[in-house]
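In our numbering, each residue's number is its place in the sequence shown (first place is 1) plus 304.
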Amino acid sequence: MVRASTAESIHQRYWVVSRLYKLDVLTRILEAETFDGMLIFVQTKIATSELAKKLIARGYAATALNGDIQQKQRERAITCLKSGKLDIIVATDVAARGLDVDRISHVINYNIPFSTTRSPVFTE
305 MVRASTAESI HQRYWVVSRL YKLDVLTRIL EAETFDGMLI FVQTKIATSE LAKKLIARGY
365 AATALNGDIQ QKQRERAITC LKSGKLDIIV ATDVAARGLD VDRISHVINY NIPFSTTRSP
425 VFTE
C-alpha cells in the first residue's frame, strides 16, 4: 500500500454519498462552504458537461473542462476562473493537469478517482 502525505495546510474530508443524492449533497457543500475558486473532478468527459450544466441551473458560475474542449476555449475558462468571472470548473483529472490558479481554494472528487497514482498535478 502506498501512503500519501499531505501538506499541513491542506484539510481533507470525505463523505460517502449514494449516487441518488450526490448533486444535492454537493449543492449543500457549496452553500455551506466559503470558497474562492473550486475544482470538481469527475471520471468522464460526459460527466464534466452534465455536472457543469446542473450547477449552472442551480445558479453557480461553472463550466466543464475536458479533452474534447478546444484548447482556446479551455484557456478562456482558466482565464475566467483566475479573474473571478467563473467560480467552478468541473474537469477530468487529465484535462486539469498542470493548472496554476491561485483562486482554487477547494478541490472536490465528485467521483472516486480511477487510480490514486494518476492524480492531477498542480503547480505553485
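Using N, Cα and C, we set each Cβ at its ideal position, and we do this for glycine too.
- Message: For the structure I just gave you, are there three or more beta carbon pairs, one from the region 371 to 378 and one from the region 320 to 332, closer than 8 angstroms?
- Response: no
- Where do the ends of the beta strand (DSSP E) carrying Leu-385 lie? Unbroken run through Leu-385 is the alpha helix (DSSP H), 375 to 387; no beta strand (DSSP E).
- Based on Cα-Cα distance, which residue from Ile-393, Ile-333, Arg-407 lies nearest to Ser-387? Arg-407
- Would you mind giving the Cβ-Cβ distance between Ala-365 and Ala-356, rounded to the nearest angstrom? I have them listed as a contact below 8 angstroms. Not a contact, Cβ separation roughly 10 angstroms.
- Task: To the nearest angstrom, report how far apart Tyr-414 and Ala-395 are at their CA atoms.
- Result: 10 angstroms
- Please name the residue, chosen from Arg-380, Cys-384, Val-329, Asp-340, that lies closest to Val-411 on a Cα-to-Cα basis. Asp-340
- Query: What three-state label does DSSP hand Leu-390 in the structure shown?
  - Reply: coil
- Item | According to DSSP, residues forming a beta bridge with His-410 | Met-342
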